[in-house]
DNA sequence: CAGTATCCTCGCAGATACTG
DNA sequence: CAGTATCTGCGAGGATACTG
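Chains as they are written, first to last, in our numbering: chain E, 3 to 167; chain D, 3 to 167.
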């Protein structure tokens, strides 16, 4: 019967999940903070299928997190920009980043165990390394806003010691 | 080909999603903060299928977010408790709650539009109301920690004006 | 380039039966 | 009660072809 919907739960967390609780959406939002605006930006950044991306962008627009505007006057091209509601998601992203910094990458890190699908056995998951196999420290994991990031986003990132994502 | 995994992305947000980015997990964590410990607690609270709950609890234990301990000495019953890593997720939950308070339930609220699957038409989603159909204010949406909530959790909730979820 | 439409596969989830 | 095992199905997600 497919997934259960959380939209009718009396809980802000359930509501938030209903808006952006799927696997891709939050990463799309993250890229938007880094300056992604056009369909192709998200596509190449994330390696997401076109139809899925199309669906997610529509959904984000419907939820008022993105706005869709023609890129130039009377052009057929559009761009997706974070609305105020969307910009308000920055604390969500930074909080997630902070938790991972400390508990996935950071000092509290223990190798994560996952199940191998084929053998159904528990195996330690690969650690995150650079291309040469050297483990990455938390400093290396920050992503800097791209050149397309808006002044507003840059201000937001700068404020309250929130730093890059 | 199934879902794409984010575990190898050099991004804390992707890592966090890989750990608890699915639909149910964060709600399970929320209930843990409210005092849920036993399998049946989560089951009845959430109305989740047994096998899914079992899988999610295992995954949470593997990720070090929950610990599984015998409830009494040498008993066959177990309870799932938030580890320190798990307790560290509280800011994530409160941030999500705050965003929903302001942008889904709060002043910035505009009725959310969703697609009707059958007709493929856009329809406004139900607003959140009480059983009598009266719209709920943000104050009504907070959930209080249950009697099983640990002193540690209560301290955490109290600190930094984080309030109930 | 920016999508839409279609097909297909598999993961997620519900239901249920079964076990200690 | 606390799970595990199995069956089933929807639908999310990937790949690709097609359109303006």
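Note that the Cβ used here is the ideal one computed from N, Cα and C, for glycine as well.
Being a predicted model, the structure only gives us computed values, none of them experimental.
Check                                                                                                                                                                                         : Outcome
Just the Cα atoms here: how many angstroms apart are residue 9 of chain D and residue 71 of chain E?                                                                                          : 33 Å
So, helix, strand or coil for residue 167 of chain E, using DSSP?                                                                                                                             : coil
Would you please verify whether the beta carbon of residue 147 of chain E is less than 9 Å from any beta carbon of chain D?                                                                   : no
Would you give the residue range spanned by the beta strand (DSSP E) that residue 70 of chain E belongs to?                                                                                   : 68 to 72
Could you check whether the Cβ of residue 6 of chain D sits closer than 9 Å to any Cβ belonging to chain E?                                                                                   : yes
When you compare only the Cα positions, how much space is there between residue 151 of chain D and residue 82 of chain E?                                                                     : 42 Å
Kindly identify the DSSP beta-bridge partner or partners of residue 80 of chain E.                                                                                                            : E:72
Which residues of the segment 66 to 84 of chain D have a Cβ closer than 9 Å to any Cβ of chain E? Give them in chain order.                                                                   : 66 and 67
Verify whether the separation of the beta carbon atoms of residue 23 of chain E and residue 105 of chain D is less than 9 Å.                                                                  : no
Find the nearest neighbour of residue 36 of chain D within the set D:100, D:107 and D:89, judged by alpha-carbon distance.                                                                    : D:89
Could you have a look at residue 146 of chain E and say whether DSSP puts it in helix, strand or coil?                                                                                        : coil
Leaving aside the five residues before and after residue 19 of chain E along the sequence, list all residues of the same chain whose C-beta is less than 8 Å from its C-beta, in chain order. : 8
In chain E, which residues lie less than 8 Å from residue 93 of chain D when you measure between Cβ atoms?                                                                                    : 97, 100 and 101
Under 8 Å: do the segment 25 to 35 of chain D and the segment 90 to 97 of chain D share three or more Cβ pairs, one atom per stretch?                                                         : yes
Would you report the Cα separation of residue 55 of chain D and residue 45 of chain D, rounded to the nearest angstrom?                                                                       : 7 Å
Distance cutoff 9 Å, beta carbons only. Does residue 104 of chain D sit that close to anything in chain E?                                                                                    : yes
On the criterion of 16 or more Cβ atoms from any shown chain inside 10 Å, does residue 52 of chain D qualify as buried, or is it exposed?                                                     : exposed
What are the boundary residues of the alpha helix (DSSP H) that residue 91 of chain D is part of?                                                                                             : It is not in any alpha helix (DSSP H) - residue 91 of chain D carries neither H nor E in the DSSP assignment.
So, does the CB of residue 32 of chain E fall closer than 9 Å to a CB anywhere in chain D?                                                                                                    : yes
Would you please verify whether the beta carbon of residue 87 of chain E is less than 9 Å from any beta carbon of chain D?                                                                    : yes
Just verifying my parser: in three-state terms, what is the DSSP assignment at residue 56 of chain D?                                                                                         : helix
9 Å is my cut-off, CB to CB: does residue 21 of chain D come that close to chain E?                                                                                                           : yes
Taking a Cβ distance cut-off of 7 Å, strictly less, list which residues of the segment 24 to 56 of chain E are near chain D, in chain order.                                                  : 25, 28, 29 and 32
Would residue 154 of chain E count as contacting chain D if we go by Cβ distances under 9 Å?                                                                                                  : no
Using three-state DSSP, classify residue 47 of chain E as helix, strand or coil.                                                                                                              : helix
Output needed for residue 58 of chain E: all residues of its chain with C-beta closer than 7 Å, excluding positions within five of it in sequence on either side, in chain order.             : 26, 27 and 30
Classify residue 235 of chain D as helix, strand or coil using the three-state DSSP reduction.                                                                                                : No statement about residue 235 of chain D is possible, as the shown extent of chain D runs from 3 to 167 and does not include it.
For residue 14 of chain E, decide whether its Cβ has a neighbour in chain D, counting only Cβ atoms nearer than 9 Å.                                                                          : yes
Using the three-state DSSP reduction, which class does residue 157 of chain E fall into: helix, strand or coil?                                                                               : helix
Can you pull the chain D neighbours of residue 151 of chain E, defined as C-beta to C-beta under 9 Å?                                                                                         : Simply none; closest approach about 16 Å.
Measuring straight from C-alpha to C-alpha, what distance separates residue 87 of chain D and residue 74 of chain E?                                                                          : 48 Å
So, does the CB of residue 167 of chain D fall closer than 9 Å to a CB anywhere in chain E?                                                                                                   : yes
Does residue 153 of chain E pass the burial test, meaning 16 or more other C-beta atoms within 10 Å, or should it be called exposed?                                                          : exposed
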